[in-house]
Every structure is written in C-alpha cells, then in structure tokens.
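Q:
Printed below as a string of structure tokens:
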C-alpha cells in the first residue's frame, strides 16, 4: 500500500516537473509553423530574397490606432520582417496620441507607413506585405526606372480596368518601383526616349508602321530592352524586329489537348519552363489563352526558351478552318511560346582626338506568342503575374528585386488539364487502393509464415486445433 | 501505478504544459468609449462655451449634440499639451446641471486628419478625442474655426 502511494507521489512529481520544464522551454522558444493554404502568415519568397539586400538600419513606422486590431496585425507582420533581417526596426505610432510626430512625417491618413533607409524616406499607403516590400524595393533601388509602353497600334490601355485592360499591370509596375509611361512612335519623329529603361509592346492589334519598326530596331542595336507580346489573331508580323536576335514568330494557333484549361484546347496551361533565366524563377505554370508559336535559334547561345507547351500540343496554321484535331499541315509540339535573347557586345567609341573608350552594350529581348495573358482578366491566373514582373525586372537589370505579392488571398484554381485528370484518376483509383491491398496481402503472408514456424518448447498443435484457432480469428 | 501508466501521465502533463504555454492569438478588443459628460440634455440648466473674452450659451438643439458627450479615444499624452492645442486651450465648454456642480471641459486643436478634436478635464491627466462634427457648431459660436476633415 505504502509502496503504491510512493509510486503515485513519484508520478505526480514527475508530471509536475514535466509541466514546469515544458512551460519554461515553450516560454524561451517561439517556433511557428504556418499551415495555412497560401502561407498567409509567412512572408513570401520574393520578400525574403528582397530582405537579404538590406544591409543598413531600416526604420519602419506604422501610423495606426494603438491597441486596435489593425495595430495587432501590423505588429505581427512587421515582426516577421524583423525576424528575417535584424537591421529592420519597427514601431506602431498612434497619430492621434502623437500629433507632433505625425506632422513631422507629413501623415494625413491612418495606416500610412514611413520607411527610412540610408537617408532616403518613402511612404507606403497600407500595412500590407506587398506595399511594404514595394517601399523597401524603392528604398533599395534609390530610384524609379521608367518603363515605356507603346501605344498607337491598338494596344490595350494601362488605364482600362476592364478584363481586357492593363490597369492591374500598371499597378504591378508601380509596385515594383517602375514608372510606366506611354509613348506613341507612330506620331512625329519615331525614336525611343533615352529615359526608357525598357520598352514594352503589349499586344499590337495592327501592323507596326515601318518608321516605328526602324526606331525599335535602332533602339535594340544600341543596347535596348524590349518586350514583345503578340499573337496571330492580331495580324501583325513582328519578324523584322525579332529575327536579327534569333527569335522568329511562326504564328498559327497552338492547341494542347494534354494541358489546357477546361475543354478549350487553345486555352493553354504552360508547365514546361526549362530556362535558368531569372524570368522563369519562381514560376511553375502559366496560362496563355490562344497562343501562337515561336521559333528560336538556340544555336546562337544568346537565345533561351522560356516556356513551351506539352509534346501532345501542335500548331494549327489555319485555325479558321474549324477543325481542332491534329491534321495534315499542323506542326507537332512541343511549341515554344515564350523566349528571351540576351546579346552582349563590346563597343569602342572615340571620345575625342586620341581618346577611345570601350563599353559593353547589352540588348535584351523577351517575346511571348500571346497578347492576352497579362490583361486584367488573366494576370492573376497561375504564375502570369510573377512571370511578367520577372521579365520586366530582367529587362531592366533588376533581376533579383521583384515584388509580385500583391495578390489578395483568394481562390486557388487547379488547372484540371487532361494530363492532370489522368494522374488524379491513377492515384485515387489505382495507386492508393493498390497500396492498401498490397499491405494487407503482405501482413497475411507474414502471419501465415509465423503460424507455420514451430515455437521452441511447444508441441505443434493438431490440425483440428489449428482449424479451430483459425475459425476463432 | 504501472510503468506505462506513469509514462502516459508524464506525457499528458508535458502536452498540457505545451498547450497552456501557446498564445491564444486573440485580437485585442478596443475598450468601450469613455463618457466625458453623462446625462440627458434636459438634465442641464445651461451649457455654455467660451473662448477668450467671447462667451455663448448653447441652444437646445446644440445641447442635444453635446449631451451626453462621448469620446472616441482616451490616452495619456506622450507629447507636450501645446501639441494638442491645449496649452492654452482654444475654448472651454461648461455644463451646468440642475442642482449640481458644473462640469468643465477644455477644448484643444484638431487631430492630424482633422476628424477629431482634443478635449480634457481641467487639471486632468487623460486626453480625449471627440468627433469634430460634434463640436464644430458649438465652437463656431465663439469664433473658433475647425478645419474640414482631410
């Protein structure tokens, strides 16, 4: 009796000790595991990469009502930034309680965030990861690059907020510290302004005038950076512009029975992004509606394939015929739908009598055989947003600094392509039940083997007894 | 107690310790708005406002707007009172209840976005913010202009 009481006392003491040790250990450590579907409580990979570039003290002040839920959310978010980089210091200031400080920073609205870094200061309109990371990006770059968007040939508008417009793209550019500026080379003297860090031709709907093509050719030869998004539906021929750089526009309509969104084979889901080019970084799939094919001369070495369709895909050179099945005249896949060219050359120039200087001129070109994937209706689908942000960053030599996290958490569509449907069927109907049946068979075999092996010191039961035992089981 | 039983007890205690040490993660709720002046309009004989040498008695319609007077926010001022327009105060609001001691409030400047006005009890430690739209017509009686909200 006394012994069992002592044991009970010992168990209670052990339990108490475990309770205390557990609490002390948990108090000292604060491990976190983000199990939310979209890792909503963690900072994105882009922000993590961005923060590795912060190597001086960076102060973040969020002006919010102290003690409110917004302040709690902001504190949580800013603490994540500080966890990733200890140069970051943050505070939440109530502008009502601190009117002098609010005046000093020129605050006129709640939720304004002021960021200071190496004597530079920027403000963010909201305490969201996308806004704060954008502000950090602006601080790190120290300047805003001008990205020129061509108009005059029926391109969608940056101010159009409809599904075919580019207003979301304009916001994305601003968030990445780019200032979008529209230029029309069909008017006046056709020349790309020197302020343009890159030129974007986003889906012309009519052929480019010869003067504009000449201006763009000249711009590219001088180390220009150009993005061309086009499709055969627009009726333009960009080949005079692209072919000197090893990229050709084949045209036609790419159909992919294995990887397409729904039953429309021309709404292609691109999952082969084979390039090591930073444009493909962090992108696993793209949605290109009604794409056209490209031809790349990879022998040049300076050209890389950014995206190609599945081996089951093909180019229908005459989509107006009405037949979508692979037929004579169709070009079998995989089809290149996005490519990049990066050409460097040393240029020697004469600065004066007897004075020569050399510098490297670098032309960069991104071509996509689809002109609707970056519109408001498709920008947020799959990896389209990141792909565009990567492409502009690469064109302007800002490869590693990209913010593509402005998407609010929402639906996470799974592109149910025929190939994926086949995979799902195989896993659910064959793989999982097959594994369970195999396990059951294995166990039965082990039990049977154990039964057959005689136990030392025990006589083998009679066949009748064995039968009875089996029946009981 | 058997060995597995003890082991289970210790494991359960360990898990309970970890569970109890996890933060609740609940969102902090804002405290209820503080009442600066309690009482219905009919309970006051007069409500007056003064600024410098100007003084005015509030009409019943205006009294309805400031009695009772509820603040939006209460805090201890981290900055000098001059930052809040309370050193000196821009106006004084006096409530005279029927058969009771009068209550006074010092009225300061607007908040950073001009949506609220700072208010405090004379000699008090706490500061309050009151909706600018509530005090705007009252202050206008004594020539104190409140800027439109940003």
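Chains as they are written, first to last, in our numbering: chain A, 1 to 473; chain B, 474 to 623.
We treat Cβ as the ideally placed atom computed from N, Cα and C, and that holds for glycine.
Fair warning: this is a prediction, and the values are worked out from it, not measured in the lab.
1. Could you tell me which uninterrupted beta strand (DSSP E) segments, each at least 3 residues in length, are contained entirely in the segment 349–404 of chain A, listed from first to last along the chain?
2. Quick one: what's residue 19 of chain A bridged to in DSSP?
3. Using the rule of at least 16 other Cβ atoms within 10 Å of the residue's Cβ for burial, across every protein chain shown, is residue 388 of chain A buried or exposed?
4. Inspect the beta-carbon positions of residue 228 of chain A and residue 201 of chain A and report whether they are closer than 8 Å.
5. Taking the C-alpha atoms as reference points, what is the distance between residue 158 of chain A and residue 423 of chain A?
6. Anything in the segment 90–116 of chain A with a Cβ closer than 9 Å to a Cβ of chain B? List those residues in chain order, please.
7. Would you give the residue range spanned by the beta strand (DSSP E) that residue 447 of chain A belongs to?
8. I want to verify the contact list: residues of chain A whose CB lies under 8 Å from the CB of residue 507 of chain B, in sequence order.
9. Indicate whether at least one CB of chain A lies closer than 8 Å to the CB of residue 609 of chain B.
10. Output the residue ranges of the alpha helix (DSSP H) runs that lie fully inside the segment 517–570 of chain B and measure 4 residues or longer, sorted by chain position.
11. Alpha carbon to alpha carbon, how far is residue 206 of chain A from residue 187 of chain A?
12. Can you check whether the C-beta of residue 561 of chain B is within less than 8 Å of a C-beta belonging to chain A?
13. Count the C-beta pairs between the segment 117–137 of chain A and the segment 592–605 of chain B that are closer than 8 Å, then say yes if the count reaches three, no if not.
14. Looking at C-alpha atoms only, which residue of A:169, A:196, A:23, A:72 is the closest neighbour of residue 376 of chain A?
15. Are there any heavy atoms of the ligand SAM lying less than 7 Å away from the beta-carbon of residue 604 of chain B, as far as the coordinates show?
16. Could you pull out every residue in the same chain whose Cβ sits closer than 6 Å to the Cβ of residue 148 of chain A, ignoring the five residues on either side in sequence?
17. Kindly list the residues whose CB is nearer than 7 Å to the CB of residue 417 of chain A, restricted to its own chain and excluding five residues on each side of it in sequence; keep chain order.
18. Give the straight-line distance between the Cα atoms of residue 372 of chain A and residue 245 of chain A, rounded to the nearest whole angstrom.
19. Using a Cβ-Cβ cut-off of 8 Å (strictly less than) and excluding sequence neighbours within five positions of residue 589 of chain B, which residues of its own chain qualify?
20. Identify the contact partners of residue 589 of chain B in chain A, using a Cβ-Cβ distance below 9 Å as the criterion.
21. If we count the other Cβ atoms within 10 Å of its Cβ and call it buried at 16 or more, is residue 87 of chain A buried or exposed?
22. With contact counted as at least three CB pairs below 8 Å, one residue from each stretch, are the segment 549–560 of chain B and the segment 514–523 of chain B in contact?
23. Can you tell me the Cβ-Cβ gap for residue 283 of chain A and residue 309 of chain A, rounded? I've got them flagged as a contact below 8 Å.
24. Do the CB positions of residue 204 of chain A and residue 162 of chain A come within less than 8 Å of each other?
25. Is the separation between the beta-carbon of residue 250 of chain A and that of residue 295 of chain A shorter than 8 Å?
26. Which whole-angstrom value is the C-beta distance of residue 64 of chain A and residue 94 of chain A, which I expect to be below 8 Å?
27. Using 10 angstroms around the beta-carbon of residue 350 of chain A, count the other beta-carbons present and answer buried if the total reaches 16, otherwise exposed.
28. In this structure, does DSSP put residue 596 of chain B in helix, strand or coil?
29. Would a check of beta-carbon distances place residue 605 of chain B closer than 8 Å to chain A?
30. Starting from residue 201 of chain A, follow the beta strand (DSSP E) in both directions and report where the run begins and ends.
31. Please report the distance separating the alpha-carbon of residue 213 of chain A from that of residue 96 of chain A.
32. With DSSP collapsed to three states, give me the class of residue 105 of chain A.
33. State the beta-bridge partners of residue 604 of chain B as determined by DSSP.
34. Could you tell me which residues DSSP puts in a beta bridge with residue 296 of chain A?
35. Does the CB of residue 622 of chain B have a neighbour CB from chain A at under 8 Å?
36. Is residue 585 of chain B close to chain A? Criterion is C-beta to C-beta, closer than 8 Å.
A: Let me spell this out:
1. 355–368
2. Beta-bridge pairing links residue 19 of chain A to no other residue.
3. buried
4. yes
5. 40 Å
6. 94, 95, 96, 97, 98, 99, 100, 101, 102, 103, 107, 108, 109, 110
7. From DSSP, residue 447 of chain A is part of no beta strand (DSSP E) but of the alpha helix (DSSP H) over 432–452.
8. Chain A residues near residue 507 of chain B: none, gap ~14 Å exceeds 8 Å.
9. no
10. 533–539
11. 15 Å
12. no
13. no
14. A:169
15. Ligands in the displayed structure: none, and consequently the ligand SAM is not present.
16. 181, 183, 196, 199
17. 258, 259, 260, 269
18. 24 Å
19. 545, 546, 583, 602, 603, 604, 605
20. 96
21. exposed
22. no
23. About 15 Å separates the two Cβ atoms, so there is no contact after all.
24. no
25. yes
26. 7 Å
27. exposed
28. coil
29. no
30. 196–202
31. 57 Å
32. coil
33. B:589
34. A:247
35. no
36. yes
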